[in-house]
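The structure appears right after this line, and notes come after that.
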Amino acid sequence: MIWWAVLGAGVGCYLLKLAGLSVPAKVLGNPLVARIADLIPVALLAALVTVQVLAAPEGRALVLDARLLALGVAVLLLLARAPFLVVVFGSAAAAALVRLL
Amino acid sequence: MSTEQEARRGVVRDSLGVAIATGTYGLSFGAVGVASGLDVAQTCALSLVMFTGASQFAMAGVLGSGGTPLAGALTALLLGTRNTLYGLRMAPLLGYRGWRRIAAAQVLIDESTAMSVTRPSRELARTGFLTTGLTIFVLWNLTTLAGAVAGEQLGDPRDLGLDAAVGAAFLALLWPRLSTPVLRATAVLAALVAAGAVTVTPAGVPVLVAAGVAVLVGALTR
């Protein structure tokens, strides 16, 4: 089942790219469509941050734990303009450290 | 050396800089992929076939937090829609047809678009697009494999804080997009809606519900 999802979504993402290169621009030139398409990644990424950091591992509840502190570290690193890998692994190290203590 | 060659070298140099910095993110995707419960082959298949970072992290993230494969696939596809818009902008600029278009589509991502879209001529646009896209494709797949193999051998992902790394990765992908008040408001609203939905819907669904915020804000602003 996971393989089907991996390959299906993978091929789907490729076809989304190919569609953009193949469709005449005016078909999707509608400003409302363009605006929503611009907002979708922002909404999805913000929701993903929330779910990854606050959702209880057992599901259907919110918890505050080491992940929130790690996200705070990520914010500080982003404010300091650290590169992507430093942000990701710096945040992981913070969570690991808090759990160790 | 003619000015044309000089311009071309400048584009290649800039593109390689961006591509090498981005290509190494694959290391974190590989580690996150296996930490989310995908095996090494599935993690690598995502980088080879899907090859669009945010969608790959989303798929792994939703599966890792207990979502169904279908919810993971839908979230990945929704995030992939922005590449369609890049394609619309890039099609007249690149002017590819036939097999070239079919091949070029796979390396149509944020960075290859960014390094191509501002160029003054088709030739320079193609140079930026191909240099960035192909370099990232090769590096991203190699570093995904390295990260997945290393992650699998490191033991419990929670002890290493890798569960927290997923949230940090999404935040780092979101950060540069928060350039206007409307985008920031959308992010805050989507985060609140998702947090509320976590308590009442199965895993994976809160993210899809939050996509509705984008539709609503898009319809209400102009």
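Those protein sequence lines, which keep their order, are chains S and C. With our numbering applied, the first sequence covers -6 to 94. With our numbering applied, the second sequence covers 154 to 375. Even for Gly, the Cβ is constructed at its ideal location relative to N, Cα and C.
What whole-angstrom Cβ distance do residue i and residue j have, given they're in contact under 8 Å?
i: residue 179 of chain C; j: residue 199 of chain C; result: In fact, because the Cβ distance is near 10 Å, the residues do not count as touching under 8 Å.
i: residue 30 of chain S; j: residue 318 of chain C; result: With 8 Å as the limit, residue 30 of chain S and residue 318 of chain C do not qualify as a contact, their Cβ atoms being about 28 Å apart.
i: residue 246 of chain C; j: residue 207 of chain C; result: Rounded, the Cβ-Cβ distance is 23 Å, inconsistent with contact.
i: residue 339 of chain C; j: residue 35 of chain S; result: 5 Å
i: residue 165 of chain C; j: residue 284 of chain C; result: 5 Å
i: residue 202 of chain C; j: residue 0 of chain S; result: 6 Å
i: residue 188 of chain C; j: residue 295 of chain C; result: The Cβ separation is near 19 Å, so there is no contact.
i: residue 39 of chain S; j: residue 327 of chain C; result: 6 Å
i: residue 261 of chain C; j: residue 240 of chain C; result: 6 Å
i: residue 336 of chain C; j: residue 227 of chain C; result: Incorrect: roughly 23 Å between the Cβ atoms, too far for contact.
Identify the continuous alpha helix (DSSP H) that holds residue i and give its terminal residues.
i: residue 204 of chain C; result: Unbroken run through residue 204 of chain C: none, as it is neither H nor E.
i: residue 162 of chain C; result: 156 to 176
i: residue 378 of chain C; result: This structure cannot speak to residue 378 of chain C, because chain C is shown only from 154 to 375.
i: residue 80 of chain S; result: 77 to 93
i: residue -5 of chain S; result: -5 to 15
i: residue 236 of chain C; result: 222 to 247
i: residue 180 of chain C; result: 179 to 188
i: residue 251 of chain C; result: 251 to 259
i: residue 193 of chain C; result: 193 to 198
Pick helix, strand or coil for residue i, following the three-state DSSP scheme.
i: residue 49 of chain S; result: coil
i: residue 69 of chain S; result: helix
i: residue 57 of chain S; result: coil
i: residue 266 of chain C; result: helix
i: residue 355 of chain C; result: coil
i: residue 349 of chain C; result: helix
i: residue 217 of chain C; result: helix
i: residue 28 of chain S; result: helix
i: residue 337 of chain C; result: helix
* To do: Note down, in chain order, all residues in the region 34 to 51 of chain S with a beta-carbon under 9 Å from any beta-carbon belonging to chain C.
  => Taking 9 Å as the upper bound on Cβ-Cβ separation, chain C lies near residues 34, 35, 36, 37, 38, 39, 40, 41, 42, 43, 44, 45, 46, 47, 48, 49, 50, 51 of the region 34 to 51 of chain S.
Handout entry: Within the region 268 to 335 of chain C, ranges of the beta strand (DSSP E) (whole runs, at least 3 residues)
Key = Within the region 268 to 335 of chain C, no beta strand (DSSP E) run of at least 3 residues lies entirely inside it.
**Asked** Any residues in the region 307 to 327 of chain C with a beta carbon nearer than 8 Å to a beta carbon of chain S? Which ones, in chain order?
**Response** Listed by position, the residues of the region 307 to 327 of chain C near chain S (Cβ gap below 8 Å) are 311, 312, 313, 314, 315, 316, 317, 318, 319, 320, 321, 322, 323, 324, 325, 326, 327.
Practice item. Can you give me, in chain order, the residues of the region 222 to 236 of chain C that have a beta carbon less than 7 Å from any beta carbon in chain S? Key: Listed by position, the residues of the region 222 to 236 of chain C near chain S (Cβ gap below 7 Å) are 222, 223, 225, 226, 228, 229, 230, 231, 232, 233, 234, 235, 236.
Determine which residues of the region 62 to 73 of chain S have a Cβ less than 9 Å from any Cβ of chain C, and write them out in chain order. Going along the region 62 to 73 of chain S in chain order, one finds 62, 63, 64, 66, 67, 68, 70, 71 with a Cβ nearer than 9 Å to chain C.
_Members of the region 178 to 192 of chain C that neighbour chain S once the beta carbon cut-off is set at 9 Å_ = Interface annotation for the region 178 to 192 of chain C against chain S: 178, 180, 181, 184, 185, 190, 191, 192, criterion Cβ-Cβ distance under 9 Å.
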